[in-house]
Every structure is written in structure tokens, then in C-alpha cells.
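Some notes on the structure that comes next.
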Amino acid sequence: MQSTALVSLIPLFPLVGAIVLGLVALFSSHREVGPDKGLVGFLACLGPIMSCIVATMLFADLRTNPQGFVHVAFTWFSVGSLHVPAEFWVDRLSGVMIMIVTFVGSLIHIYSVGYMQHERGFTRFFAYLNLFTFSMLVLVLAKNLPLMFLGWEGVGACSYLLIGYYFTETEKAQAANKAFIVNRIGDLGFLIGMFVLFWYLGTKGVWTVDFATIRENAHLITPAMAGVIGILLFVGACGKSAQIPLHVWLADAMAGPTPVSALIHAATMVTAGVYMVARMAALYNLAPSTSHVIAIVGMTTAIMAATIAITQHNIKKVLAYSTVSQLGYMFAAVGAGAYSAGVFHLFTHAFFKALLFLGAGAVIHAMHHEEEMDNYGGLWKKLPFTATTMLIGCVAIAGIPPLAGFFSKDAILFAQWQQGWYWLWGVGLFTSFLTAFYMFRMWFLTFLGTPRDHHAYDGAHEGPAVMNVPLAILAAGTLVVGFLGLPEAMGGSKFAAWLAPAVGAHAHLPADLSGKALEAATYGLHQTEYLLAAFAILGAVAGITLAFLRYGGQATPVFGRARGLFALFQNRYFFDHINDAVFVRGSIDFLGWGFRHVVDRWIIDGPIRGLPTLYYKFSDTVRVMQSGAVRTYAYAMLLGTLAILFVVMSGWSLLRF
Amino acid sequence: MSFLLSLLIFLPLLAGLAILFFGDEDEQGFARWGSLVVAIANGLLSIGLLAGAERVAGGIQLASFEEKRPWIDALGIQYFLRTDGMSTFLIILATACTAIAIAASWRIVSEKARIYYGCMLLLSGGMIGVLAAADLFCFYVFWEVMLIPAFFLIGVFGGEQRRPAVIKFVIYTMVGSLLMLIGITYVGWQHFVLRGSWTFAIDALYGLPFRDGIAMWPFLTFLAAFGIKAALFPLHTWLPAAYSQAPMPVTFLLSAVMAKLGIYGLLRVALPIFPEAAQVAMPVLAALATAGVVYAAFVALAQEDARLVVAYASISHLGVILLGVFSLTHQAVAGSVFHMVGHAVTTGALFLLVGFMAERRGSTLIADWGGAAKTVPVFATFFMLFMLAAVGLPGLTAFIGEFMIFLGAFKQHATATAIAATSIIFGAAYMLWWYQRTMFGPVQHDGVARMADLNMREGALLMPLVLAIIGLGVFPQPMLSAIAPSTAAYLKHFGVAADPAPTVSPTKVGPPAHGAVTHGEAGDAAPAEHSTQGIH
């Protein structure tokens, strides 16, 4: 590994931006007219773009230097065997991540300058957004677990601040709270996993929290212990990446401005869990049953979120559940040991989901902040550019070749099949059908048919260039990045080869084959790939067709009350109802109230509060003895002294300590 | 300066007495300006404790300050003061917080100013004395000197419910003090029995082979005194009463510094003098600390008054520090000492803000607030920072202490730590919920709509705390490295050796196991054991 200070510069740029913008926002908070929006916008985009330039330089060098670059900025904290430097590391894995974060991040910053133009807290928004970019870069560049945790919690805090950006609305502020607190449940698992790992490796003579050292010494960990640590860390991943049962915050997180949903709640932060699992690949490789659990949780989340997405009316909620579902795919991949496939889907998803969210943002912007699809319809005529770019995103996520989503999702499904997890493959395939259905349902409801809110429709118009250019760039990316991850049958994945030094090569064939046997196995492998891909395409086409039949032509689609199974979907499987009734109310109204009013007041405090009363009673009693006769006092004193003396003399041995 | 410690103690003590006795009854200018000047001067002087600190590998090492004079020869009592890594930063904290507390009292106290400001200085001098004392008798004297002005500050200047609050405070404190006095007498006498001479020098009392085994009951007398001060569950109920009734600057000082003295007493006196008894009791004590962490978090959730939210939050956080104190690992103990400062600035800042709330709105009831972020954005920004610090956000100071405590305690009390660590969830719950109901949502009260934002004086008071919260969160290592040698010396009393050195990245230890998984390229790790090849 080569040491270069350039690595530390990457997170530094947005941090400086955040500090400058934060101070500007603070000092101008009482001004009627805020600081110049052009200047603020320029400053805001500067940090991420500079980071992107440095990241690209280092990324290019990773071709010849697969072990990557490190830099120790300073010692964060260190006591005894625990040594936590502020050390940043660009390797092939974090290299991909910083490219996503800085590139997509820069585009979303630029888009936001247009989108947020009319908001009051313009500067504050960009201060948060820059701070988020800094935290996310720390998360992915961190070379040790505590530093990753800094980024991990930092992105959570920024997410909290940005979800609650419109803080005068109570519901949005509550959504922000919910995101932070649910994430904290996951963070508890992350922390404890870190502690177990640290002390356990310590008993083996390795005192470290450093990723590279953990990777080198992972073989010292027993499979059972690796499973325990793996599950604990995965609990953290569940929180950040919205997997069952900690997925409940992400849909509510749509309360934030739409560019925030695109950057934080689709492209970057929510993928941190997947990244962390890939980062700890050496550990998860030792624990196959834990990995299997991860795949099952992932696939279950994928289908659950997809079923919810088909019943949503709010355009951002559809995309939110779609994100949960796609994250489930990613976990299914890393659970199957196909780390490169998981990260590849993360990579392509960042493009098309950011594109879809920004597109949705353009629609919402055009429709005066109307987010319900019930009031959309026929917008194709008004917003042809947005409709086209969103269509590209929909085709990509539906899994139609050769767009990005097809190849990445195909690799994940194939990994399930290869593991012999045919059930998971089947569920994944069905989810892919649902995905195609709900995405095109969304697109048809928005852009086809006749307008359902004529007033908003009449005023709708395309956004400014500053919003359209990022859309165009993301759409172009969505069209091409899929080719980086071709299946074996079509020449193999460049992406997987790139990641191999960081997460290990994912062998598709047994290593001990040769000659004819290898040829036959390779043939079989390729035939299976083609066959499974055909299934996936069929599923996607079926989904799109069904969506068209149901929503494509109809002038006014029916938005009836969902019944039966659909009621279950529409109510999000009642997760929120149960959580609220059991955990929230239980904590506040039962434990909190009971501890406060019963335990603290009566059980602990009761006897103490009784003491003064007892004291006053006692003093009332002894007051009677205050006769004022000096001789009585003298007798009493003499008697008392004698008694004490007696006790002291005779009882010295008893009082021996 | 060989008399720096005495100066730090007696400057506020004597100035406090002077203000108390010579202050004018009606004229408050002399009392408050005089006390402010003294407090600031003392704060600047305390920085002198860092003089002589040297840069060493991995951090800094403090110079030790010491003063020793005979006092009562017959009982071996000395006027003996000394500082080390554990006490130095707490003394600086105490002087700085005194200055902030006095400056924050400007508007709050108008009557009986000489009593108020005099008591503040006496309280401060007592606390610094406790921290500097190296003789147990001196320790006790300063302990009492500290408590008496605290009674007056709560009892005279407190809120409507101050009478029950101060009675509870007095009862708890008196019981604790008396028990401690018995314990002190016992250890001095034991030294006489075992070593043939009377002494109360604390380090001479370490490692006494007590006659009656582990000496559990004398240990418990000290534990009672210090446990009450540190609000160890279930000895905590005096704290919310006192904190919510005292004037906010006093609460600020009590929460930032005085509560820490209980923890400091445990580390300096109770635990190392009775290591065997302490080790027997530790599982129980860790369980109590953990119970307090979770219990107080839930009670905080059910509060309607901001003062009580922060008071219970404070109990919960003190429980975390106590958990660290009751664990015998370098990370946990150093983390506890560090977190005493971290918790002081974080909780202290919140109490100051609550004081500003009361000044503005005349009420700290959560229901009287809501939507204030719109009218007082600067206030809301500071509040947000302190709130995030209190929930232990990494990069801010409280995280460092909590992380090291949890990590260190986990080795010894895995279950208790896992339960205590749930405070990162519940702590976030009550803090965020409080913030949301106070600052977010629509403005519903005229009083909130007409409120003035933070002024320059208030901002200036908060600034040192902001700098400490961020500075010690990002660069904790200089202070940690200065604390660590003292905590390592403390751990020697329990037979805890120095930690093995951290493994330098990336190093491969031992031969690869059979069937080890390949991770792509093996990296540039050296195959030899404990090789230090790498990037450093």
C-alpha cells in the first residue's frame, strides 16, 4: 500500500464546504434575504467536485496498484491495545464507492441548486448536504471499524437533519426521529460486533480494529465466532440499509427534499450496509450459515418491499420501497458470497435509482410539490424530457437488457442458483416480475392517460438546465454501465475482476477441473446463465405488460380501497402499527411512566421522603422534655456520658473492626 | 510555582469568604464582578497545571504538582496536595466551569448577591481542594467545604419546590459524609495497627493488608458517600430534585463538576484502597450502574419538564461512567476519566441552554414550547449540536468516552455492557423527542413566537463548551495520552498489567489455518509473527 495525503483530501473538501456554508447559514439566519444563491450553490458544488477529481485520479491509479493507497491523518484515539488512527484507505472496493459518492453526489448537488432555488433554508440545506458527503466519504474510506462508525453515525445524523429539513411540519420531524432511532438499534449491533471482534482477536494475539489486519488474520477466528460477529455487524447493516425488521424508517424518510432521497436514501447511505459486509468479506466467508441468513433476510426484504410498492400512491413511496427491495437483492448477493455481484448492483442501482428519484423530483417540482400519483396523469406531453429519462430508469430497474439493472440483477439471481438456493432464486425472480410491474405502474400513472388534476397539469413545465443536465448524465450512465458486469457466457464481468483483490474472486466453477471436464462444465455454466436470463427477461416483460394492461390505457385508473392480501401490503404488513403499539407506547407509557411515577416516587424515594416527616414527629415528641430545668439537663448529660463510657470500655472488643 | 495548587484552592475560598462577609447587602456589582474576576483569574491560573507537560511518543505527559506540609502530627495528618493525569483536567474543568457558571448567573440572581456569589466561589474552592487532595483528611475537609455552600445555593436560591429538594440533598449528603468519616478513621487506624504510625496520605493507604480479610464494610462506607454523589442507582433520587430546583448556573456547576467528584473519589480512594473488596463487589456494582443507565433513560422519556429530562439523562450518562469505573481494563478506566470531562461539557451545556430557555419563556415545560427553531434559529443550532453530543455522536467528545467505556467494560461485564449500550437507542429516543417537541413543528405559543435569539453574552458563554465538545471529539488523543499513565498506575493496585501493544497494520499472525479462505491477493503482509512491516 502506498501512502499519499491525497487520500485524506477527498473527505476534506466537502468538510470545508460544510463548515463554511454552516457558518454562513448560522450568521444569516435572521436575514430576510439570504446570501446570494448563485455563490452558495457554487461553493456547495465545489467540495464534491474537487473530491471527485481527486478520487478519479486515485481510481485511475488503482489499475496498476490494486492494493491501493492509505494515509494516516492523525491518531484519533489510542489507549493500551486499542489503537484507532484517522486512517483512510482507497482500495479497489472503496475506490468504486468514492466514485459513486463523489460523482453521483456532485450531480445531485448541481441538480439541487435548481430544485431548492425557492427554499428559505437554501444555505443550510447545502451545509447539511456537504456534511453528508464528508461523512459518507469517511465511512467508505475508513481503514478501521471505529472510524467507519464515525462515518456510519455521521451519515445517520445528516440523514436525520435532512429528513427533518421542513421542520415546521411535525410529521416530517417525527420521520426524522424515527430514522435516527431505528438506525441506532442497528448501530448497537454494530458496536457490540466490534467489541466481540476486538477482544476475540486479542485472545489470538492480534490487537486490532484495522480492516486490512482483520482480513489478514481472519483465519484465526473460529466459524462459530465468525458467525456471531457477522450477525451482530449485520444487525448494523439492517438498520442502515433498511432490511427487515429495521426497514421501517426508509419510507418515512421520504419526508426530506427529493434530492436528499436520491443521494442519501437511494444511491449512497443506504448501501453502506452492503459495503460493510463486502468489506468484511473475509469474516463472512468463514460463516456460511450467517451468510445464508443474510441472503434469506435480503430476499425476504426484497419481495416484501416489492409487494408494498405495488400498492403505494405516493410516487416517492413507490421509489422508497423499490430501494428497500433492491437493497434486499444486494444482501442476497453478498449473502451468497457473490460480493462483486452485490457491489455491482449497488453501483448500477446508484445510477438508475438516483435517476428515478431526480426524475420524480422534476415531476414533483413541476406539479407544485404534489406527490400523489392520483393527481398525475398525461404528463408525457408536458414533461417529455423527464418522461424519457425516467423511462430509461424504469427499463433499467425492470431488468430489460442491455440496460444496467439487467446484468447486475441477473448476476445476483445466478448466484442464488449456484449456491443451490433455488427457493431464493424463485423468490428473486418473482420479485423481479413485481419490480417491473410497480415501476411501470408508476410511469404509466404519471405520464400516460389523461390529467387528473388539471390545474396542476396546466402549470407543469420542465425544470431548468441545471436540473436536466444531471438527469441526462445519469440516464447515459444507466444505459452503459451494465456492460462492465457481463455474465461469464458473454465474456465475464470486468467489475468482478476489478474487485477481486479487495473482496476475493467469486469462482463460478470448481478449481480442480481441467480439459474436457472443464469444457463441459463451462458449457453447462453458460447454458444455465442463458436459461436463467431468459426467465428473468420473461418475468420483466410480463410485469411491464400487466402494468400496461392495468394502468396504461385507462383514462382514470381505479384507486379503490385495497382488500385482502392487498390491504396487508398497503398497510406495510402492519410493522409500523405493531412497533408503535409495543415498543414506542410500551417504552413511554408503560416503562417510562411506571419507573417515574411508581418506582422512583414510591419505592426508592418513599422511605427517604418519609424521613423528614419522622424527624418532625420525633422533634415534637422530644420537645416535651425541654423543661428548661438546668439540673435535669445536667443529670441527663452525666447519665449519657457514663453510658457512652461504659459502652466504650466494655465493648471495645465488640467494636473491633 | 510550588504553591500553585494552594493558590487555586484558596484564591476562590478566601475571595468567597470576603464577598460573603464584606459584600454589600443591596449592591450586587461588587459581588458579581469580584467573583467573576476571581473565577476567570483562577481559570487562567489552572492552565498553569499544563506547564511542564512534555511531548512523548503518542501524546503528551503531564508534570506532577505537589505540596506537602505537616499539619496535625499526632495523627500523621498532612496538608498534602498532588495532581496527576486523573485530576489535572478535572481541576481545569472545575475552574473553567466556575467562571462560566458565575457569568451565566448575571441576570438570574438579583437579591442576596453576596451570599450567592460567595457560595459559588466557596463551592468552587472546595471542589478544587477535593481534586487536589493527596491526604484523606484534607480530602474530607474539602469535601465538607464543598457541600455547605451547595446547601445554601439550592436552599436559598432554588425554585418553588426547593425545600423538599434541599432536605433530600442534605439527608443523602450527610449520611454519605458520616459514613465516609467512619471509613477514613478506620483506614488511618488500620495503618497505625499494621504499620505502627498514623497517616492519612492516600498513597500510603494503598495496599494495606487489612486485619479482617477484604474489609468489605469500610469499603461500603466510602462507596455510599461516592455512590450518592455519582447518583449510583438506587441512590439517585436526590439528583433530579436538586438539579431541577437549583438555579440553572448552580445546576450547571453541580452536574458538570460535583457529580464527577463521586466518581473521582471511587477511582482515587474507595476502589484502590480496598482492591479485594472492590473486586468482589464489582459485578454487583456494574449491574447497578447498568440498571441506572437504562432506568434513568426510561424515566427521562416520561418527563414533561426539560430540566428533569436533562437531570435523568445525566443520571443515565453517569451510569455509563460508573460502569467504566467498575471495569478493570485500560480502555474503560481511561475512558471514564476522559468521559468525566466529556460528560461535563455536554450535560453542562444542555443545562445552560435550559437556563436560557427558562429566562426566555419563563417555563421549561415541554408543552410550553414547540416550533422554536423558526424563531430562534441560532439557539436551535447550538441546541442541536449539544443534543447530538449528548446522544454520543462520533466526532463529538461524549462518543470517545462512551466508546472506550463500553469497549473496555465489555471484556469484563459482557452482558451488563450489552444492556447498558442500549442507552445509545433510548438516549437518542428521549433527546430527539424532546428536541422535536421543543424546536420543531408549528409555533403554537405567542411566547415562542416573540422570543429573542441568543445574544452575544450567551453565545460567548457557550463558545468554550462548543470548542471542547468538538475539539475533544476530534482530537482526544493529547488528553487521553496524559490520562493513561495515571489510570495504568491505578490499575496496578488490582494487578492489571499493561496492555500488549496494538498490532501494526497489516500484520499476519501465526501460520494460516488449514482450509483458510483465500482473499484474492494476500496483500503485502509479512508472514513472520508480529512483523511491523507496513505503512508506518
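Chains as they are written, first to last, in the working numbering: chain G, 61 to 717; chain L, 5 to 540. Idealized CB from N, CA, C, for every residue including glycine.
| Check | Outcome |
| --- | --- |
| Measuring only the C-alpha atoms, how far is Ala398 (chain G) from Asp247 (chain G)? | 25 Å |
| Is it true that the CB of Ile375 (chain G) sits closer than 8 Å to the CB of Gly316 (chain G)? | no |
| Please check if any C-beta of chain L sits within less than 8 Å of the C-beta of Pro206 (chain G). | yes |
| Where Val173 (chain G) and Ala525 (chain G) are concerned, what is the direct C-alpha to C-alpha distance, given to the nearest angstrom? | 11 Å |
| Please work out which residues of its chain come closer than 8 Å, Cβ to Cβ, to Leu24 (chain L), disregarding the five sequence neighbours upstream and downstream, and give them in chain order. | Arg118, Ile119, Gly122, Cys123, Leu126 |
| Anyone know if the C-beta pair for Leu207 (chain G) and Ser111 (chain G) falls short of 8 Å? | no |
| Chain L beta carbons: is any one of them nearer than 8 Å to that of Asp660 (chain G)? | yes |
| Which residues in the same chain as Gly89 (chain L) place their Cβ atom closer than 8 Å to its Cβ, once the five residues preceding and following it in sequence are excluded? | Leu66, Val341, Ala486, Ile487, Ala488, Pro489, Ser490, Thr491 |
| Are the region 347 to 357 of chain L and the region 409 to 424 of chain L touching by the rule of at least three beta carbon pairs closer than 8 Å? | no |
| Give a yes or no on whether the minimum CB-CB distance between Phe137 (chain G) and chain L is below 8 Å. | yes |
| I'd like to know if Val513 (chain L) contacts chain G, where contact means its C-beta is closer than 8 Å to some C-beta of that chain. | yes |
| Answer with yes or no whether the minimum CB distance from His568 (chain G) to chain L is below 8 Å. | no |
| Buried or exposed: which applies to Leu518 (chain G), given that a residue is buried once 16 or more other Cβ atoms fall within 10 Å of its Cβ? | With the sequence shown as reference, residue 518 (chain G) is identified as Asp, and Leu is not the correct amino acid for it. By the neighbour-count rule (16 or more Cβ atoms within 10 Å), Asp518 (chain G) is not buried but exposed. |
| Please report whether the beta-carbon of Gln234 (chain G) lies at a distance below 8 Å from any beta-carbon of chain L. | yes |
| Is there contact between the region 359 to 374 of chain L and the region 332 to 339 of chain L, where contact requires at least three CB pairs shorter than 8 Å? | no |
| Quick one: what does DSSP say His521 (chain G) is sitting in, helix, strand or coil? | coil |
| Report the three-state DSSP secondary structure of Phe237 (chain L) (helix, strand or coil). | coil |
| Evaluate Pro530 (chain G) with the Cβ neighbour count: other Cβ atoms within 10 Å of its Cβ, from every protein chain shown; 16 or more gives buried, anything less gives exposed. | buried |
| Given 7 Å as the limit, tell me if Arg623 (chain G) has its C-beta closer than that to any heavy atom belonging to the ligand NAD. | The ligand content of the structure shown is nil, which means the ligand NAD is not present either. |
| By Cβ distance, which residues of its chain are closer than 7 Å to Pro516 (chain L), with the 5 residues on each side in sequence left out? | With a pLDDT of 49 at Pro516 (chain L), under the threshold of 50, the modelled position of that residue is not reliable, and the figure given next carries that caveat. Contacts found: none. |
| Along the chain, where does the beta strand (DSSP E) that runs through Lys72 (chain L) open and close? | 70 to 76 |
| Within 10 Å of its beta-carbon, does Ala505 (chain L) have 16 or more other beta-carbons around it, so buried, or fewer, so exposed? | exposed |
| How would you label Phe134 (chain G), buried or exposed, when you count the other beta carbons within 10 angstroms and need 16 or more for buried? | exposed |
| Tell me, please, whether the CB atom of Asp88 (chain L) is closer than 8 Å to any CB atom in chain G? | no |
| Measuring only the C-alpha atoms, how far is Met364 (chain G) from Ala286 (chain G)? | 28 Å |
| Could you tell me which uninterrupted alpha helix (DSSP H) segments, each at least 4 residues in length, are contained entirely in the region 328 to 367 of chain L, listed from first to last along the chain? | 334 to 365 |
| What does a CB cutoff of less than 6 Å around Val455 (chain G) pick up in its chain, not counting 5 residues either side in sequence? | Leu463 |
| Mind checking who Arg59 (chain L) pairs with in its DSSP beta bridge? | L:Ile64 |
| What's the call for Arg661 (chain G), buried or exposed, on a 16-neighbour Cβ count within 10 Å? | exposed |
| Quick one: using the 10 Å Cβ neighbour count with 16 as the cut-off for buried, is Arg91 (chain G) buried or exposed? | exposed |
| For Leu592 (chain G), which residues from the same chain have a beta carbon less than 8 Å from its beta carbon, with the 5 sequence-adjacent residues on both sides left out? | Asp470, Leu473, Phe474, Trp477, Trp485 |
| Taking beta-carbon pairs under 8 Å, can you tell me which members of the region 266 to 281 of chain G lie near chain L? | Val266, Trp267, Thr268, Asp270, Ala272, Thr273, Arg275, Glu276, Asn277, Ala278, His279, Leu280 |
| Using a Cβ-Cβ distance under 8 Å, would Phe595 (chain G) count as near chain L? | no |
| Run down chain L in chain order and give the residues with a C-beta less than 8 Å from the C-beta of Gly545 (chain G). | What Gly545 (chain G) touches in chain L: nothing, since even the nearest Cβ is about 17 Å away. |
| Please list the terminal residues of the continuous beta strand (DSSP E) segment that includes Val659 (chain G). | Looking at the DSSP string, Val659 (chain G) is not in any beta strand (DSSP E), and its letter there is neither H nor E. |
| Beta-carbon of Lys378 (chain L) versus every beta-carbon of chain G: anything under 8 Å? | yes |
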